[in-house]
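J.: I am attaching a structure below and will ask some questions about it afterwards.
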Amino acid sequence: EEEMIEGAAKTACDRVELYTEPYATQYPDDRERAIEPFVNAAEVARDLGLELNAGHDLDLQNLRWFKQQIPWIKEVSIGHALISDALYYGLQNTIQMYLRQLRD
């Protein structure tokens, strides 16, 4: 919520994190609608001079679109999906797969 970001800026913090579970849940049905509130929140954070993190339920299917729409994101938190993918693809390969999603 934009009010929370504005409140965070008043505390002199330098970065906020967007909780992306709602985005990840909606992404398969309508990625445009899913990303919209996150772009709005990210723009508020940027306008207030805050750096931006994002995390929770991001994976190989939805990460690239998120990063393309909010390219100024500094950091993403990916845990369960990365480890689950690593069971199939190996840890080193999985890390490279996620890095490609962030670069492309």
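Residue numbering for the sequence shown follows the working numbering, starting at 1103 and increasing by one per position. C-beta: ideal position from N, C-alpha, C; glycine also. Just so we're clear, the structure is a prediction, and the values are computed from it rather than from any experiment.
How many whole angstroms separate the CB atoms of residue 1118 and residue 1147, which I take to be in contact at a CB cut-off of 8 Å?
T.: One-based indexing of the sequence shown puts residue 1118 at position 16. One-based indexing of the sequence shown puts residue 1147 at position 45. At roughly 6 Å, the Cβ-Cβ gap stays under 8 Å, so residue 1118 and residue 1147 are in contact.
J.: If you scan the segment 1147-1184 from start to end, which runs of the beta strand (DSSP E) of 3 or more residues do you find wholly inside it?
T.: The qualifying runs are 1153-1157, 1177-1179.
J.: Go ahead and label residue 1114 buried or exposed: buried means 16 or more other beta carbons lie within 10 angstroms of its beta carbon, across all protein chains shown.
T.: Here residue 1114 corresponds to residue number 12 of the sequence shown, with the count starting at 1. Classification for residue 1114: exposed.
J.: Across the segment 1169-1184 and the segment 1148-1157, are there enough close Cβ pairs to call them in contact, namely three or more that are closer than 8 Å?
T.: With a cut-off of 8 Å, the segment 1148-1157 and the segment 1169-1184 count as touching, because enough Cβ pairs lie within range.
J.: Restricting to Cα atoms, I'd like to know which of 1163, 1121, 1188 is closest to residue 1129.
T.: Walking along the sequence shown from the start, residue 1129 turns up at place 27. Selected option, being the one with the closest Cα: 1163.
J.: What does the alpha-carbon distance come out to for the pair residue 1166 and residue 1195?
T.: Position 64 of the sequence shown holds residue 1166. Position 93 of the sequence shown holds residue 1195. Those two C-alpha atoms are separated by around 17 Å.
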